[in-house]
Structures are given as structure tokens and as C-alpha cells.
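S.K.: Numbering of the sequence shown is given in our numbering, commencing with residue 224 and proceeding in unit increments. Each residue gets a CB set at the ideal place from its N, CA and C atoms; glycine is no exception. Predicted model, so just to flag it, every value in this text is computed and none were measured. Let me begin by handing over the structure; questions about it come next.
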Amino acid sequence: MLQQKSAEGRARVANTQDSTSNSEWDIFCRPTRNRYVGRRGLFAAYEQAQSIRRGDAIGNRSLQSRNHTHYVAGSVVERNIHYPTDSGLLGDGARVLTRTMKKITELTGRAGTKLRNRMRTIGHRVMEIARTSRSKGPQVQERLKQGYRKLLTTTRKVVNQAKRFRKEIASGVKRAKDHEQKLVLQGLRKDLETMLPRVRQVIRQSRARVLGGDVHVAGKLVSIFEPSTEVIRKGKASKPTEFGKMVKIQEAENQIITHYQVFAKRPNDADLLVPAVQKHEEQFGRVPQLVAGDAGFYSASNEAELSEMGVKQISVPNRSTKSPERRRHQKKRSFRRGQKWRTGVEGRISVLKRRHGLNRCRYRGDAGMQRWVGLGVIADNLINIGRFLAANDTG
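Structural data, given as C-alpha cells:
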């Protein structure tokens with residue numbers, strides 16, 4: 224495989240020295256694609272590269288070799304956050320607000336409200352709750368409630384102080400000396416405006432859970448730094464609860480990922496199967512002969528719709544069926560062969576997590592999650608396309 228550079232300064236990957244066309248990756252590797260990485264994630268750029276997969280690109284040779292099979296699977300990419308506890312979230316919120324108010328005081332001096340640092344008290348309360356939670360006995364719950372009441376009271380005092388700081392910046396009581404410092408001060412004010420609602424939400428949900436016993440609080444946060452993080456339970460014995468985002472992976476022959484999607488909110492797996500096949504048809508101009516997925520993607524309406532679309536073999540098990548006919552169908556050799564092929568995409572997800580870091584997203588925000596997953600998918604595809612070319616190199 225040869226890397227070339229065109230007159231416009233674009234990188235091109237070619238399998239022979241006289242190959243001059245690789246439309247998909249030629250467009251993707253343009254320097255202007257950097258803005259997608261920084262602002263919109265790789266999803267938009269990758270989608271545009273996928274949309275022109277019709278001609279002479281190297282990826283086409285592997286993707287369009289047969290194009291008979293299509294596997295769909297979902298997985299969770301976790302956020303880079305610590306395990307959420309009520310006391311930990313309260314401590315995080317108070318720490319961030321106090322740190323921001325310290326920076327404001329350094330810029331504005333002693334004008335307005337004087338900063339009172341309560342982090343030592345909050346640290347003691349958090350440690351006290353941690354020690355109590357590891358204790359045993361009939362009075363543990365009452366002691367935990369007492370500890371949380373004290374922690375909630377102190378955290379509310381920090382929140383009220385941060386509110387006063389924000390108002391005094393807006394009214395001009397706390398002001399900076401020069402233009403540059405004014406810009407910094409306004410940025411710190413925006414930080415307070417961002418964090419205050421999150422800390423107030425943590426206070427509400429902590430009070431409701433610990434003191435009221437209500438674990439289903441609207442707008443529940445598991446991280447003040449990544450507020451869009453979801454609590455996802457997929458029934459894994461090793462990790463019953465995961466904190467991150469749901470990702471859908473679609474794979475075709477030769478271990479090539481044809482499409483991925485990061486969901487803002489976790490969807491029902493059964494709602495993803497038909498759109499996945501429609502996406503496959505949009506990319507390659509035809510539906511696959513075999514569609515395979517796990518039991519979460521099953522529904523009778525999905526099977527009927529895929530059959531109408533022209534899919535010849537659907538290997539998606541129904542674990543809860545009581546129909547003898549359905550059970551016989553799922554024991555057929557062709558169905559079981561499809562399920563064996565389906566396990567390949569599970570292995571692909573494992574490789575993405577172990578080799579490309581999709582077990583935990585190191586970038587921040589929703590755009591960072593899109594970027595992180597996109598980089599992992601593209602890197603894995605490049606490796607597999609290279610292996611395909613090496614195995615089929617005729618000279």
C-alpha cells in the first residue's frame with residue numbers, strides 16, 4: 224500500500240504505484256476535514272465519505288465483494304467519569320463552584336461578597352458518609368441521613384454564595400481592571416451560570432433519594448461535568464450498570480464497519496433494525512441476503528418489513544416465543560449459521576473497545592463522543608482494508 228500526496232496537498236492511499244483514484248478517502252483526508260473533527264465530530268465527514276462509495280475506491284473492493292450479510296449490534300461507550308454517588312456529586316459541585324469563586328476573587332480583589340471556603344467542611348462530610356456507608360448495624364441508615372443533611376446544608380451555602388458572586392459580576396460590584404481581565408471574568412461568570420443549575424439538580428436528587436426514598440427523579444445527573452451521561456443497564460454480570468452513550472455498529476463482510484451511530488438517548492433495540500437495513504440499502508444499492516442480530520432486535524413487525532424489503536434470511540432470535548413452529552425455525556441450520564456469523568460483530572465491538580479505546584470516551588461533551596467513536600471506527604476499518612489488500616495483492 225502506497226501513500227501519495229496530490230498537488231492540492233491531499234493524502235491519498237493507493238494499492239499500486241499507478242493507482243490515482245481513491246475517491247472515498249481522498250475526500251475524507253482533505254485538510255478542510257479538520258473542521259469536522261473540531262466542531263462537528265467525524266460523523267458528518269464519515270457520512271460524506273460513505274455516500275460516494277460507488278466507484279473505484281479501495282474500500283469498495285472489500286465492501287462490495289459479495290455484500291450478502293449484514294450484522295447489527297449495540298454497545299455502550301462509557302464516559303470518563305468516576306462512579307456516581309450522591310456525596311461525590313455534591314462534593315464535585317461545591318469544589319467546582321469554590322474554585323471558580325477563588326479565580327473571581329483573584330481578579331476582582333475584595334470588592335463585594337467575601338469568599339468563604341467551605342471545602343474542608345465538605346471534605347469531612349463526604350469522608351464521614353463514606354465511612355458510615357461501610358458500617359453495619361441498625362442505625363446506619365439514620366446516621367447516613369444525618370450526614371447527608373449536613374452535607375446538603377453546606378452545599379446549599381456554597382450555591383447561595385456563588386449566586387451572589389454571579390449577581391455582583393453582572394451589576395458591576397465585582398469588576399476587572401483591564402479589558403483582558405474583563406473577558407476572563409465574563410468567562411468565569413458563564414462557568415457559574417453553567418454549573419449552578421447542575422449543582423441545584425444534584426441537591427434535589429440527593430434530597431429525594433436519601434431523605435425521601437425516591438430514586439426516579441426527573442433530569443437525574445450522574446456527572447456535573449458530563450450532564451448528558453445516561454445510566455444504561457444491559458444485564459451484564461461483570462458490569463450491571465454502565466454510564467455513557469448507546470452506540471449502534473453495523474458490519475458487512477471482511478470485518479468492515481459500514482455505519483455507526485451514537486444516540487443522544489438510548490432507543491429500543493427493536494426500533495433500530497429496519498433503519499439499519501435501510502441505511503445499508505442506501506449505501507450499496509441493495510438489501511443484504513442475510514440480516515443477523517441478537518434477541519433485542521426482534522419483533523414480528525421487523526421480520527415482516529424486512530421480508531417485504533427483499534431480505535431472504537433473517538436471523539434474529541425470539542427468546543420469549545412459545546410457538547413450536549418458531550422454535551423449529553430457530554433450530555434450522557441456516558438460522559443457527561446466521562447466529563454464528565452474528566457473534567462476529569460482537570467480537571468487532573470487543574476489538575473496538577480493546578484496541579481503539581471505545582470502552583471509555585476520553586473526549587468531553589457529545590461532540591467529543593461522536594469524534595471518539597468515529598476515530599475508532601475509521602482506524603479499525605483502515606486496518607481491515609489494509610489486511611484485505613495484503614491478502615489479495617497479486618503483485
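#1: Among residues of its own chain, excluding the 5 on either side of Arg421, which ones have a beta-carbon nearer than 8 angstroms to its beta-carbon?
#2: Whose C-alpha, out of Phe520, Val500, Ala518, Leu320, is nearest the C-alpha of Met481?
#3: Considering only residues of the region 320-355, which uninterrupted beta strand (DSSP E) runs meet the minimum length of 3 residues and lie entirely inside it, listed in chain order?
#4: Who are the Cβ neighbours of Gly370 in its own chain at under 7 angstroms, not counting the five residues just before and after it?
#5: Please report the residue range of the alpha helix (DSSP H) in which Gly599 lies.
#6: In three-state terms, what does DSSP make of Gln501?
#7: Tell me whether Arg577 is buried or exposed, calling it buried when 16 or more other Cβ atoms sit within 10 Å of its Cβ.
#8: Counting Cβ pairs closer than 8 angstroms, one from the region 319-332 and one from the region 408-417, do we hit at least three?
#9: Which one or two residues does DSSP pair with Lys471 in a beta bridge?
#10: Are the beta-carbon atoms of Val381 and Arg341 separated by less than 8 angstroms?
#11: Residue range of the alpha helix (DSSP H) that Leu419 falls in?
#12: Any idea which residues DSSP pairs Leu513 with across the strands?
#13: Suppose the cutoff is 7 angstroms on Cβ atoms and the five residues either side in sequence are ignored; what does the same chain contact list for His579 look like?
#14: Considering Glu391, what are the terminal residues of the alpha helix (DSSP H) in which it resides?
#15: Are the CB atoms of Val300 and Val596 within a distance shorter than 8 angstroms?
#16: Give me the residue from Thr544, Lys545, Ser543, Ala527 with the minimum Cα distance to Ile537.
#17: Where does Ala523 land, buried or exposed, given buried means 16+ other C-beta within 10 angstroms?
#18: Just how far apart, CA to CA, sit Phe520 and Asn541?
#19: With burial defined as no fewer than 16 other Cβ atoms inside 10 Å of the residue's Cβ, what is the status of Val425: buried or exposed?
#20: Figure out for me which residue from Ala613, Glu476, Asp589, Leu313 has the closest Cα to the Cα of Glu453.
#21: Please list the terminal residues of the continuous alpha helix (DSSP H) segment that includes Val574.
#22: Can you tell which of Arg560, Leu581, Val568 has the C-alpha that lies nearest to the C-alpha of Lys468?
#23: Return the CA-CA distance between Glu569 and Ala296, expressed in angstroms with no decimal places.
#24: Cα separation between Cys584 and Leu575?
#25: Which residues in the same chain have their Cβ closer than 6 angstroms to the Cβ of Pro307, if we skip the five residues on either side of it in sequence?
#26: Quick check on the burial criterion: 16 or more other C-beta atoms within 10 angstroms. Buried or exposed for Lys397?
#27: Considering only residues of the same chain and omitting the five flanking positions on each side of Ser358, which have a CB-CB separation below 8 angstroms?
#28: So what's Glu453 in DSSP terms, helix, strand or just coil?
#29: Looking at the structure shown, is Arg550 part of a helix, part of a strand, or coil, going by DSSP?
#30: Could you tell me the distance, in whole angstroms, from the CA atom of Arg571 to the CA atom of Ala475?
M.R.: This is what the structure gives:
#1: Gly316, Leu444, Ile447, Pro450
#2: In the sequence under discussion, the amino acid at residue 481 is Thr, which differs from the Met named in the question. Of the listed residues, the one whose Cα sits closest to Thr481 is Val500.
#3: none
#4: Arg348, Glu351, Ile352, Thr355
#5: 588-614
#6: helix
#7: exposed
#8: yes
#9: Gly297, Gln484
#10: yes
#11: 402-429
#12: Thr292, Gln536
#13: Gly599, Ala602, Asp603
#14: 363-394
#15: yes
#16: Ala527
#17: exposed
#18: 9 angstroms
#19: buried
#20: Asp589
#21: 556-579
#22: Leu581
#23: 7 angstroms
#24: 12 angstroms
#25: Val445
#26: buried
#27: Arg366
#28: strand
#29: helix
#30: 11 angstroms
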